[in-house]
Amino acid sequence: MISDLVDKRHGYSEKDYPWARKMLGKFPIPDWQRDSVWTLAQKVSFVESCYLGYDIGSIVVNGYLDLDNNTLAKYSDCLIDGQQRVEALLDYTNDNFKVFGFFYSELDRREQSRFLYRELGKRTTDCFDERKLKTVYNHLNFAGTDHLESERA
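Numbered by the working numbering, the letters in the sequence shown go through residues 28 to 180 in order.
And the structure:
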């Protein structure tokens, strides 16, 4: 559910992920991932897709491993795939842009709940080997072929 992605992870903070380049909500982002690249129009389109019931894909998150010294293993909880989607959801729920003419906070509680309980697939892996995680990231993000503008329906 979207609510699982925009909520904070209780009991953990940015300090628990010193290897992360940045935090995106509750997810640490490793330094080998690209920066945020979606335009405002792409973010709006994605959130519109959430409301319209279109397939909005899934994200891939690494599990976590508590070490003996009360720290988390490197790459615990990292977002492997879905950074742009999660950022769009966070930006929308933080009122950074309007969708269908409304900021998120302007919706009534029923509409907010309807949005937050929308399903978004979430896959979890448990791997703490950087090389293997990079392989998964590259496979998920660079295996497709970009569409040409002339191929639009």
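Even for Gly, the Cβ is constructed at its ideal location relative to N, Cα and C.
Around the beta carbon of Pro-57, 16 or more other beta carbons sit within 10 angstroms, so the residue counts as buried.
Listed as beta-bridge partners of Leu-99 by DSSP are Asp-93.
Taken through DSSP and simplified to helix, strand or coil, Val-163 comes out as helix. Of the candidates Lys-149, Tyr-131, Arg-150, the residue whose Cα lies closest to the Cα of Arg-141 is Tyr-131. In this structure, the straight-line span from the alpha carbon of Asp-135 to that of Asp-43 is close to 35 Å. In the DSSP assignment, Thr-120 falls within the unbroken alpha helix (DSSP H) covering 110-120. When secondary structure is reduced to three states using DSSP, Arg-150 falls in the strand class. Residue pairing by DSSP places Ser-85 opposite Gly-148 in a beta bridge. Excluding its 5 nearest sequence neighbours in each direction, Ser-76 has C-beta neighbours in its own chain below 7 Å: Ile-83, listed in chain order. Per DSSP, the beta-bridge partners of Lys-49 are Ile-56. Between the C-alpha atoms of Trp-59 and Val-126 there is a straight-line separation of about 31 Å. DSSP links Leu-106 through a beta bridge to Val-88.
Taken atom to atom, the span from the alpha-carbon of Asp-95 to that of Ser-40 is near 18 Å. Residue burial annotation: Lys-159 is exposed, with fewer than 16 other C-beta atoms found within 10 angstroms of its C-beta.
DSSP places Lys-125 outside any alpha helix (DSSP H), giving it a letter other than H or E. Straight-line measurement puts the Cα of Asp-93 at about 32 Å from the Cα of Tyr-119.
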